[in-house]
Amino acid sequence: EKNGYDHFMLKEIYEQPNVIKDTYRGRLHANEGIIKMAGVEDNLQKFLNAERILIIACGTSWHAGLVAEYILEEFTRIPVEVEYASEFRYRNPIIRPNDVVIAISQSGETADTLAAIKLAKEHGAFVFGVCNVVGSSISRETHAGAYTHAGPEIGVASTKAFTTQITVLTLIALRLAQAKGTMSKSDFHRHLQELELIPAKVQEALQTNEVAKAIAAVYKDAPNCLYLGRGYNFPVALEGALKLKEISYIHAEGYPAAEMKHGPIALIDEQMPVVVIAPKQEHYDKVVSNIQEIKSRSGKIIAVVTQGDEQVKALADHVIEVPYTIDALSPLLTTIPLQLLSYHIAVMRNCNVDQPRNLAKSVTVE
Ligand code: F6R
26 EKNGYDHFML
36 KEIYEQPNVI
46 KDTYRGRLHA
56 NEGIIKMAGV
66 EDNLQKFLNA
76 ERILIIACGT
86 SWHAGLVAEY
96 ILEEFTRIPV
106 EVEYASEFRY
116 RNPIIRPNDV
126 VIAISQSGET
136 ADTLAAIKLA
146 KEHGAFVFGV
156 CNVVGSSISR
166 ETHAGAYTHA
176 GPEIGVASTK
186 AFTTQITVLT
196 LIALRLAQAK
206 GTMSKSDFHR
216 HLQELELIPA
226 KVQEALQTNE
236 VAKAIAAVYK
246 DAPNCLYLGR
256 GYNFPVALEG
266 ALKLKEISYI
276 HAEGYPAAEM
286 KHGPIALIDE
296 QMPVVVIAPK
306 QEHYDKVVSN
316 IQEIKSRSGK
326 IIAVVTQGDE
336 QVKALADHVI
346 EVPYTIDALS
356 PLLTTIPLQL
366 LSYHIAVMRN
376 CNVDQPRNLA
386 KSVTVE
């Protein structure tokens, strides 16, 4: 059932072009300029009247929520807050009837997320679920929702769940932007068309496998690793670091690139690998200066760049090239080589990739 792959994780990484397509199938009609999602359409007024969107999740799903925060605010101008479910439920949170809560969960069984949903419902909020497992507790407990259609995710480290969650949340953001008129018609169409190209571009991004493997061989014994990104790719840095720590047991931290000078820069020396997500988009020049700061302190730079990039290539020790896409969709591509890098490092360290120590696929206790 691993389909010839050594591990479920690798199989699931490689399934991403297809499952992203499954996620938007029947929902995205790029040529007609239509996004159809029953759970959103049936509750459109609730979304349009939302004074605020609260996103609650844990782990990788929380990272998808952070990407969605950037996308939803940019496209719809609705204020968004992203909360760890465990913090939200225990801090007497402010929940108003006009809040829309989006709960994100692959398994649909995470205890803290489930409890946070119940709390939000008690306060009268409308709760929308983004789950992968059909019929799961969270999908039943929410008022409405949209499944990710990623298929069973067996590897404990979440991969295809993450990219399909982002896909669903992007579709929602685009539909709301259209309904609110907060995005120009031409931008809307451009995003729909670009979204349709994502599976093929993810397929291309998967061709970085050999490069990722070669880089893994160089850094597999590193005790620490930093991940940096800005804007839409800041959450990708967090997710890259989580993937590395959970399956390879290397200490890794993700940061917004500009926060480096407020502390983490003290860690940089010739021993420290720094993975910088630096696609050609807004803030590119700022990321280039962050890379220069790392280089002048002899840090080892592994950069994820847009195909054809020259500037970062001249500075970095290693580059991994992914196809170009528009800014908001770039996490769907930049995430791929980071998944592969973690995977190969874990394999080279003889770690149990699919079942890392101390971890469970569904966290049904708080
Ligand atoms: C990381 C990972 C966990 C889960 C988290 C939430 O790879 O798998 O961090 O993302 O436990 O799980 P779900 O999405 O099932 O609520």
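For any residue, its number in the working numbering is found by taking its place in the sequence shown, counting from 1, and adding 25. Built from N, CA and C at the ideal position, the CB exists for glycine as well.
Beta bridge pairing from DSSP links arginine 77 with Asp124.
Straight-line spacing of the CA atoms in leucine 267 and alanine 239 works out to 21 Å. Segment contact: the segment 122-138 against the segment 155-162, three or more CB-CB distances shorter than 8 Å; contact assigned. Note that the C-beta distance between glutamine 190 and threonine 167 is not below 8 Å. Secondary structure remark: continuous alpha helix (DSSP H) runs of at least 4 residues inside the segment 265-342, in chain order: 309-320 and 336-340. Ranking Val329, Ala186, Tyr252 and Pro248 by CA distance to the CA of asparagine 234 puts Val329 first.
Look at which beta carbons fall closer than 5 Å to any heavy atom of the ligand F6R; those residues are Cys83, Gly84, Thr85, Ser86, Ser130, Gln131, Ser132, Thr135, Ala182, Ser183 and Val388. The segment 179-187 makes contact with the segment 77-88; the number of CB pairs closer than 8 Å reaches 3 or more. By the neighbour-count criterion, in which a residue is buried when 16 or more other Cβ atoms sit within 10 angstroms of its Cβ, valine 347 is buried.
Contact check for phenylalanine 100 against alanine 202 passes: the beta carbons are separated by less than 8 Å. A distance below 6 Å between beta-carbons, with the five flanking residues on each side excluded, links alanine 303 to the following residues of its chain, in chain order: Val312, Ala328, Val330 and Val337.
The segment 319-327 and the segment 294-303 touch, with no fewer than 3 CB-CB distances between them shorter than 8 Å.
Among the bridge pairs identified by DSSP, valine 44 is matched with none. Per DSSP, the continuous alpha helix (DSSP H) segment holding glycine 90 begins and ends at 84-101. For a cut-off of 8 Å, the C-beta gap from alanine 186 to proline 362 is around 18 Å, too long to register as a contact.
Three or more pairs of CB atoms, one per stretch, sit closer than 8 Å, so the segment 258-277 contacts the segment 349-361. Taking arginine 77 as reference, the option from Arg114, Pro104 and Gly279 with the minimal CA-CA separation is Pro104.
Valine 388 sits in coil when the DSSP states are folded into three classes, being neither helix nor strand. With a cutoff of 8 Å on beta-carbon distance, isoleucine 119 and alanine 128 are scored as not near each other. Under a 10 Å Cβ-count criterion, glutamine 70 is classified as exposed, with fewer than 16 other Cβ atoms of the shown protein chains found around its own Cβ. With a beta-carbon spacing of about 18 Å, tyrosine 274 and leucine 35 fall beyond the 8 Å limit used to define contacts.
Within the same chain, Ile120 come within 6 Å of histidine 148 by CB-CB distance, once the 5 residues on both sides are set aside.
In the structure shown, isoleucine 38 adopts helical secondary structure according to DSSP, grouped into three states. Within the DSSP secondary-structure output, glutamate 134 pairs in no beta bridge. When only Cα atoms are considered, glutamine 306 and aspartate 352 end up about 6 Å apart.
Short of 6 Å from the beta carbon of arginine 50, and not among the five residues preceding or following it, lies no beta carbon of its own chain. The C-beta distance from lysine 46 to arginine 52 rounds to 11 Å, too long to meet the 8 Å contact threshold.
Residues of the same chain with a CB within less than 7 Å of the CB of isoleucine 326, apart from the 5 flanking positions on each side, are Val299, Val301, Ile316, Ile319, Lys320, Leu340, Ala341 and Asp342 in chain order. Here the C-alpha atom of glutamine 296 lies approximately 25 Å from the C-alpha atom of valine 378. With a contact defined as Cβ atoms closer than 8 Å, glycine 288 and alanine 262 miss out at about 15 Å.
By the criterion of a C-beta distance shorter than 8 Å, aspartate 294 is surrounded in its chain by Arg322, Ser323 and Gly324, once the five residues flanking it on both sides are discounted. At a Cβ-Cβ threshold of 8 Å, isoleucine 81 and valine 126 count as neighbours.
Arginine 114 counts as buried, since no fewer than 16 other beta carbons sit within 10 angstroms of its beta carbon.
Straight-line spacing of the CA atoms in methionine 373 and threonine 138 works out to 34 Å. Note: asparagine 249 is bridge-paired with His276 in the DSSP secondary-structure output.
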